[in-house]
Amino acid sequence: MSVPGHRLDIYSNTHDPDILLNNFQSALKLRRFDQAYSLASLMKDEKYFLELANAALYNLDMCTASRVFEKLGEGSGVLTLEGIKEVEDIKLLSGHIAEFFVKNYDLAESLYLSSSNPCAALEMRKSLFQWDPALKLAETLSPKEVPFISKEYAEQLEFTGDYVSALHHYEKALLDDSLNDTETLHQNICRAGIARTAIRCSDYRRGIALAEKINMPAVYQDCASILEEMKVISDAAFLYEKGGFLENAAALYIKLKNWKKVKDFLPYITSPKVFTQYAKAQEAEGKYSEAAA
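Now the structure itself:
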């Protein structure tokens, strides 16, 4: 007596879609992937190949999955499988499949952490720019990476407007002394980030003092722009001046009616807009000779 579903006559002349589908599903359940491939070809619908690929991946049959992806013209899938097919650790291989094909990153992390290469979980979170979970993983798996991940996380938080958290992570990212060139660049980025986010958090004195300590035009400009946006005009003008952005500084000194500063800067200004602002301000005060000059 035959066992139902074990006899799959895929080479019969039937064109009955119900029979073909039944045989295809039976082949998948029995892990007869070669037969399932032939049946998918007979049914001529891409969705059956995708179903076969998923079943093959679930069963860690890299050869069948690669064959199906090649059939579908999915070159990236073929290349990904080529890069992981020699992995012997089942948990690690399953983690790769969960990451690259299933896109279930929590499952992938769990599998990676129980594998022979737990750091793969950290690398995955970093590649996804998921800095919060990456930071948590780095604290146990790779403490030396914590400052660098904290910096990336701080930049992300600053971009999204969470300035309090960004400031915290910029501070956490600072390194000790005795730095190489790469670490010095990292340190400067963090200090500039602290200056910007301190100002955003209304700690103007700290931000301005740090900008002066860093003494870089780009940092002066960034901090001055933030102060101007926050209507802290006097400090914004001061930092524009420190950074050499005299037209920006002059425009703000005009608003402050600091005419001495404005006159000092006029020989170095080429912007008609600033001259127009200056002339209008002088006219408003009845200083027509100054406006005409």
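Under this note's numbering, residue 1567 is the last one in the sequence shown; the count climbs by one each step, no gaps. Beta carbons are placed, not taken as given, at the ideal position from N, Cα and C, and that holds for glycine. Here the structure is a predicted model, which is why all the values come from computation and not from measurement.
Residue of the options minimising C-alpha distance to residue i
i            : options                : result
residue 1441 : 1420, 1474, 1461, 1335 : 1474
residue 1362 : 1354, 1391, 1387, 1323 : 1391
residue 1317 : 1299, 1502, 1304, 1334 : 1299
residue 1373 : 1415, 1394, 1359       : 1394
residue 1309 : 1342, 1482, 1290, 1379 : 1342
residue 1446 : 1436, 1338, 1425, 1329 : 1425
residue 1519 : 1423, 1321, 1491, 1427 : 1491
residue 1464 : 1429, 1478, 1496       : 1429
residue 1461 : 1448, 1471, 1470       : 1448
residue 1438 : 1419, 1383, 1468       : 1468
residue 1346 : 1357, 1311, 1335, 1532 : 1311
residue 1302 : 1291, 1290, 1289, 1338 : 1338
residue 1544 : 1499, 1522, 1526, 1532 : 1522
For residue i, three-class secondary structure by DSSP
i            : result
residue 1317 : helix
residue 1449 : coil
residue 1652 : Within the shown structure, residues of the chain are numbered from 1275 to 1567, placing residue 1652 beyond reach of any answer.
residue 1462 : helix
residue 1518 : coil
residue 1369 : helix
residue 1294 : helix
residue 1411 : helix
residue 1278 : Per-residue confidence for residue 1278 stands at a pLDDT of 48, beneath the threshold of 50, marking its modelled position as unreliable; no derived number is given.
residue 1391 : coil
residue 1345 : helix
residue 1429 : helix
residue 1442 : helix
residue 1506 : coil
residue 1362 : coil
residue 1336 : helix
8 Å contact criterion, which residue i and residue j should meet: CB distance rounded
i            : j            : result
residue 1324 : residue 1371 : That pair is no contact at about 15 Å.
residue 1482 : residue 1513 : 7 Å
residue 1406 : residue 1427 : 7 Å
Minimum Cβ-Cβ distance from residue i to chain E less than 7 Å
i            : result
residue 1514 : Considering every chain present, this structure includes no chain E. It has just one protein chain.
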